[in-house]
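A short worksheet on the structure shown next.
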Amino acid sequence: MSSVISKPLTAVFSKFEREWQNSSYPQVEYDNDWLSPCTVGEPVDEQIHWHPVLREQTGDFSGIEAALELTLHPSIQAFYGDYFSETLAVDFQNNRIELVQAWNEQDFDMLLENIIGHVLMQRRLKQNETVFIASTDDEMQVVSINNDSGEVVLEQLGKGIDRVLASSLDDFLAQLTLAS
Numbered sequence: 038m039s040s041v042i043s044k045p046l047t048a049v050f051s052k053f054e055r056e057w058q059n060s061s062y063p064q065v066e067y068d069n070d071w072l073s074p075c076t077v078g079e080p081v082d083e084q085i086h087w088h089p090v091l092r093e094q095t096g097d098f099s100g101i102e103a104a105l106e107l108t109l110h111p112s113i114q115a116f117y118g119d120y121f122s123e124t125l126a127v128d129f130q131n132n133r134i135e136l137v138q139a140w141n142e143q144d145f146d147m148l149l150e151n152i153i154g155h156v157l158m159q160r161r162l163k164q165n166e167t168v169f170i171a172s173t174d175d176e177m178q179v180v181s182i183n184n185d186s187g188e189v190v191l192e193q194l195g196k197g198i199d200r201v202l203a204s205s206l207d208d209f210l211a212q213l214t215l216a217s
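First residue of the sequence shown: 38, per our numbering; consecutive thereafter.
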């Protein structure tokens, strides 16, 4: 299902990979208890280089869909199900945001729990169901995918959709650049 949408993720991650090869891969604090297939090389001074890695097996959303009694939009499944990655700082229309990703399978499971909580809160507030994909400088705003339409939206937590940022995940990802 996600193969149609994963192409733009592959394109954006490949673009970033080329940029990193011309400078250096990003680093994260090394934690021997929190390993990831994303790491590159050996840790140096408690830091390790990393890059997004295509998952061997696509993430399974059947449990969350059953729990919420809904089908997640294919772009949500592709965004979270195709890769492992650290949170990635990017620029979108001159605004810095951080793409949320799963670092490993355990992180993916915790992400699914957070998505369930997010959707249940929206239902309680009678809001459109969205799934967050990025954080912003404002802790009360997130970038989300509208589960019904697939539009990428700016969402005010507790208040709902503020505005549409892109008509699709493809359009949104095409506008991203690495944050400096």
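Here a beta-carbon is modelled for each residue, glycine too, at the ideal position from N, C-alpha and C. Keep in mind that this is a model prediction, so the values were computed, not measured.
Buried or exposed by the 16-neighbour rule on C-beta atoms within 10 Å, applied to Trp71: Of the residues assessed, Trp71 falls on the exposed side of the cut-off, its CB having fewer than 16 other CB atoms within 10 angstroms.
Delimiting residues of the beta strand (DSSP E) encompassing Ala18: Residue 18 lies beyond the residue range present for the chain, which begins at 38 and ends at 217; the question has no answer from this structure.
Reduced DSSP secondary structure (H/G/I, E/B, other) of Gln117: The sequence given here places Tyr at residue 117; Gln does not occur at that position. In the structure shown, Tyr117 sits in a helix (DSSP, three-state: H, G or I).
Are any of the Cβ atoms in chain D nearer than 8 Å to that of Met158? Absent here is chain D; the protein component of the structure consists of one chain.
Looking at the structure shown, is Glu66 part of a helix, part of a strand, or coil, going by DSSP? The answer is strand: DSSP assigns Glu66 an E or B state.
Would a C-beta distance cut-off of 8 Å place Thr167 and Val190 closer than the cut-off? Yes.
Hey, how far is the Cα of Gln164 from the Cα of Glu123? A straight-line Cα-Cα distance of about 29 Å links Gln164 and Glu123.
Which runs of the alpha helix (DSSP H) fall wholly inside the stretch 48-115 and span at least 4 residues, in chain order? Here the runs fully enclosed are 99-105.
Given Leu194, which residues of its chain have a CB within under 6 Å of its CB, disregarding the five upstream and five downstream residues? Within the same chain, and ignoring the five residues on either side of Leu194 in sequence, the residues whose Cβ sits closer than 6 Å to its Cβ are Met177.
With a threshold of 16 other CB atoms inside 10 Å of the CB of Leu157, please say whether the residue is buried or exposed. Exposed, by the Cβ-count rule.
Given a threshold of 16 other Cβ atoms within 10 Å of its Cβ, counted over all protein chains shown, does Leu206 qualify as buried or as exposed? Leu206 is classed as buried because its beta carbon has at least 16 other beta carbons within 10 Å across all chains shown.
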